[in-house]
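Chains as they are written, first to last, in the numbering used here: chain A, 1021 to 1185; chain B, 13 to 168.
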């Protein structure tokens, strides 16, 4: 009797105070070896809710099982970020962010070309006969993927040809 | 409906493909890999819900972007397409630093020119239009130490 009451109180504790956000959301018991518990603390309910809405708990679980334990925190963070962006932009999600950043990069590359030309002109005009030092960093070549149509279109072949570094 | 007219989603899910199937316009039967990728990462039910919430004229783009993100996640299970975003932010930060250094050099040259009374020559330089952004010292304080700061930076 005594052990039964202690185990039932332990069960109640498992459901409420020590349940991770995932198990609370899914309304299930949070076991000590719950794979979500290290990454979805009970004080961050929205984090799991977003990931669940976009990916689903079982898919997140499968992804976490595929990666090494030391990579799971980064995996969860990237999934949460992707879910957050998708919920903010249900049409383009992270792709919208990528295209926007590529556009920004192309503008900055253009500015860099102008700035270097301006710098060279200043040196020449001063007639210092100074050979312009080579750039400290290699001059960026705009990657092919940045030349894609900034107006996102249906043709995603250009994305699939992207070579991961 | 016979099997040859089922969309890739319904074929994968082994079910009838109704005439108003939410998936069929975006997952044609001749490309089964596309739906398999998206189903593996998001699940058919989540994809269906996401598409349902959008106006019909935006669903193709949404399906395409979901497919690409799913593809990225399969290639890189840890970072997915967020890895690409991080790389782009780092590259942007590097270019900002380069621009700031060049601006500082130009300012130093102008200061020397003023001292040497050559400043008016620099000002009169023809054929150099102002930079596409207003001439200013670039803020190189863009650092990314927190995943979720990326979201705020995207709004800039």
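Glycine included, every Cβ here is placed at the ideal spot set by N, Cα and C. Since the model is a prediction, treat every value here as computed from it, not as a measurement.
Inset, instruction - Please look up how many angstroms separate the CB atoms of residue 104 of chain B and residue 1128 of chain A, rounded, as I've assumed it's under 8 Å. - result: Contact check for residue 104 of chain B and residue 1128 of chain A: beta-carbon distance about 6 Å, within the 8 Å limit, so the pair qualifies.
Legend entry - Candidates B:114, B:53, B:65, B:69: closest to residue 84 of chain B by CA position: Between residue 84 of chain B and the set B:114, B:53, B:65, B:69, the nearest pair of CA atoms involves B:53.
Legend entry - Identity of the residue in A:1039, A:1144, A:1067 nearest residue 1051 of chain A by Cα: Of A:1039, A:1144, A:1067, the residue nearest in Cα terms is A:1039.
Inset, instruction - Report yes or no: do the stretch 1060 to 1070 of chain A and the stretch 1081 to 1094 of chain A share at least 3 C-beta pairs separated by less than 8 Å? - result: The way I'd put it, the stretch 1060 to 1070 of chain A doesn't touch the stretch 1081 to 1094 of chain A; fewer than three beta-carbon pairs between them come closer than 8 Å.
Inset, instruction - Would you mind reading off the limits of the alpha helix (DSSP H) that contains residue 1086 of chain A? - result: Here the alpha helix (DSSP H) through residue 1086 of chain A covers 1077 to 1086.
Inset, instruction - Measure the C-alpha to C-alpha separation of residue 112 of chain B and residue 1053 of chain A and round it to an integer number of angstroms. - result: For residue 112 of chain B and residue 1053 of chain A, the distance between alpha carbons rounds to 50 Å.
Legend entry - Touch test, the stretch 86 to 101 of chain B against the stretch 1090 to 1107 of chain A, Cβ-Cβ under 8 Å, three pairs minimum: Yes, they touch.
Legend entry - Neighbour list for residue 1066 of chain A in chain B, Cβ cutoff strictly below 8 Å: Going along chain B, no residue has its Cβ under 8 Å from residue 1066 of chain A, so there is no contact; the nearest lies around 12 Å.
Legend entry - Three-state class that DSSP yields for residue 1117 of chain A in the structure shown: Residue 1117 of chain A: helix per DSSP, three-state reduction.
Legend entry - Own chain, CB closer than 8 Å to residue 17 of chain B, minus 5 neighbours either side, in chain order: Cβ neighbours of residue 17 of chain B beyond the five flanking positions: 29, 41.
Legend entry - Alpha carbon of residue 1043 of chain A to alpha carbon of residue 86 of chain B, nearest angstrom: Cα to Cα, residue 1043 of chain A sits roughly 26 Å from residue 86 of chain B.
Inset, instruction - Report back the beta-carbon spacing between residue 33 of chain B and residue 79 of chain B to the nearest angstrom; my notes put them in contact at under 8 Å. - result: That pair is no contact at about 17 Å.
Inset, instruction - Evaluate residue 81 of chain B with the Cβ neighbour count: other Cβ atoms within 10 Å of its Cβ, from every protein chain shown; 16 or more gives buried, anything less gives exposed. - result: Buried, by the Cβ-count rule.
Inset, instruction - Determine the chain B residues that contact residue 1058 of chain A at a beta-carbon separation under 9 Å, and present them in chain order. - result: Within chain B, no residue comes near residue 1058 of chain A; the closest Cβ sits about 16 Å away, beyond 9 Å.
Legend entry - Every unbroken alpha helix (DSSP H) within the stretch 1038 to 1075 of chain A, with a cutoff of 4 residues, ordered by chain: Those alpha helix (DSSP H) runs which fall completely within the stretch 1038 to 1075 of chain A and span 4+ residues are 1041 to 1046, 1065 to 1074.
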